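I have placed the structure first, in the form of structure tokens, so that the comments after it can refer back to it.
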Amino acid sequence: MSLFEFSVCFGQEEISNTPIGIGLLQTNTEFPIPLYKNDNDTVATHILKFKVEKSGITKFITNLKLEPYTIYEGDSYKSGEKNRSMGLVRFPPALKFRVVDSTKTSFKVVTNENLNESFYIKRDSKNAYYTTERQFFDNNCIGCPDSNYNPNWNIFETWERYLKRSEFIIKKNLTIYDKPNGILIFESKDNQFLPFTVTEVDGDWIKLKKGFGREFNFDKSKNYDGWTRWKEGDKTLIEITEHTYE
41 MSLFEFSVCF
51 GQEEISNTPI
61 GIGLLQTNTE
71 FPIPLYKNDN
81 DTVATHILKF
91 KVEKSGITKF
101 ITNLKLEPYT
111 IYEGDSYKSG
121 EKNRSMGLVR
131 FPPALKFRVV
141 DSTKTSFKVV
151 TNENLNESFY
161 IKRDSKNAYY
171 TTERQFFDNN
181 CIGCPDSNYN
191 PNWNIFETWE
201 RYLKRSEFII
211 KKNLTIYDKP
221 NGILIFESKD
231 NQFLPFTVTE
241 VDGDWIKLKK
251 GFGREFNFDK
261 SKNYDGWTRW
271 KEGDKTLIEI
281 TEHTYE
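Numbering (the numbering used here), first residue to last: 41 to 286.
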């Protein structure tokens, strides 16, 4: 069995001035994205464009120093064929921004995580804006019944929606409580691999459940059903694996 993990990870000792925000905005990588410095600007400061190179990868064209939450140029034709030969897929380009604020007309997104540089992406009535990954999948089928396909799509997920649908999370120096700020029921300081899914989010706290299909990583004699902190202020305390492919 071969396993590929597409993951987004944050070290627990990471210190950043970037606000954690309210969620994530994933955009398509086919249509230009105007970026506005101020919400009330009518002329874009920058326009992010995309170009598929001869190799098959997608080039991100901008004068900005672009370092968003997730950026991936996609597999080349060659690496895509190699992945297929291993029973995987050819992985497409990916672009995902941390969202600082969202209104009916725009998203304030972090374009550079290290410099904490932000711009506004304005909503366009011609585009599709989904609130879950499932909505995107349901509508991302050309000619399928009940599918309202729109190639200029975006997915805005709050942290709660994102955490609850991610494959699993892990945490160093794990402590689990019976409720937020409650009684300690489990503690691990040896950083053993304990993959959890998230079933509830309450502010800085998440409720944990042993990852489906990964129960063998856990000691059957111990109770893991409880709550742990996933963030403190703007500091993320967990590592997130969004998808796995096997």
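Even for Gly, the Cβ is constructed at its ideal location relative to N, Cα and C.
This structure is a prediction, so every number in the text was calculated from the model and none was measured.
Can you tell me the Cα-Cα spacing of residue i and residue j, whole angstroms?
i           : j           : result
residue 154 : residue 177 : 31 Å
residue 63  : residue 274 : 12 Å
residue 115 : residue 131 : 5 Å
residue 247 : residue 237 : 8 Å
residue 84  : residue 71  : 15 Å
residue 151 : residue 223 : 40 Å
residue 202 : residue 93  : 31 Å
residue 191 : residue 180 : 8 Å
residue 33  : residue 279 : With the chain represented from 41 up to 286, any question about residue 33 goes unanswered, as that position is not in the structure.
residue 126 : residue 183 : 30 Å
residue 128 : residue 281 : 17 Å
residue 106 : residue 260 : 45 Å
residue 215 : residue 172 : 30 Å
residue 231 : residue 165 : 47 Å
residue 142 : residue 88  : 20 Å
residue 221 : residue 69  : 42 Å
residue 169 : residue 175 : 9 Å
residue 117 : residue 284 : 21 Å
residue 110 : residue 99  : 14 Å
Who are the Cβ neighbours of residue i in its own chain at under 6 Å, not counting the five residues just before and after it?
i           : result
residue 55  : Bear in mind that a pLDDT of 43 at residue 55, under 50, signals an unreliable position, so the model cannot answer this.
residue 239 : 247, 249
Are the CB atoms of residue j and residue i within a distance shorter than 8 Å?
i           : j           : result
residue 208 : residue 251 : yes
residue 156 : residue 58  : yes
residue 90  : residue 108 : no
residue 159 : residue 76  : yes
residue 123 : residue 167 : no
residue 200 : residue 241 : yes
residue 102 : residue 86  : yes
residue 271 : residue 97  : no
residue 65  : residue 140 : no
How would you call residue i, buried or exposed, if buried means at least 16 neighbouring beta carbons within 10 angstroms?
i           : result
residue 234 : buried
residue 82  : exposed
residue 36  : This structure cannot speak to residue 36, because the chain is shown only from 41 to 286.
residue 73  : buried
residue 262 : exposed
residue 211 : buried
Within its chain, find whatever has a CB closer than 8 Å to the CB of residue i; leave out the 5 residues flanking it on each side and keep chain order.
i           : result
residue 145 : 79, 162, 163
residue 254 : 208, 235
residue 226 : 214, 215, 216, 262, 263, 264, 266
CB-CB under 7 Å to residue i, same chain, minus the five flanking residues each way: which ones, in chain order?
i           : result
residue 112 : 133, 134
residue 205 : 173
residue 258 : 234, 250, 264
State the CB to CB distance for the pair residue i and residue j, rounded to an integer number of angstroms; the pair is presumed to be in contact (CB under 8 Å).
i           : j           : result
residue 245 : residue 276 : At roughly 13 Å, the Cβ-Cβ gap does not stay under 8 Å, so residue 245 and residue 276 are not in contact.
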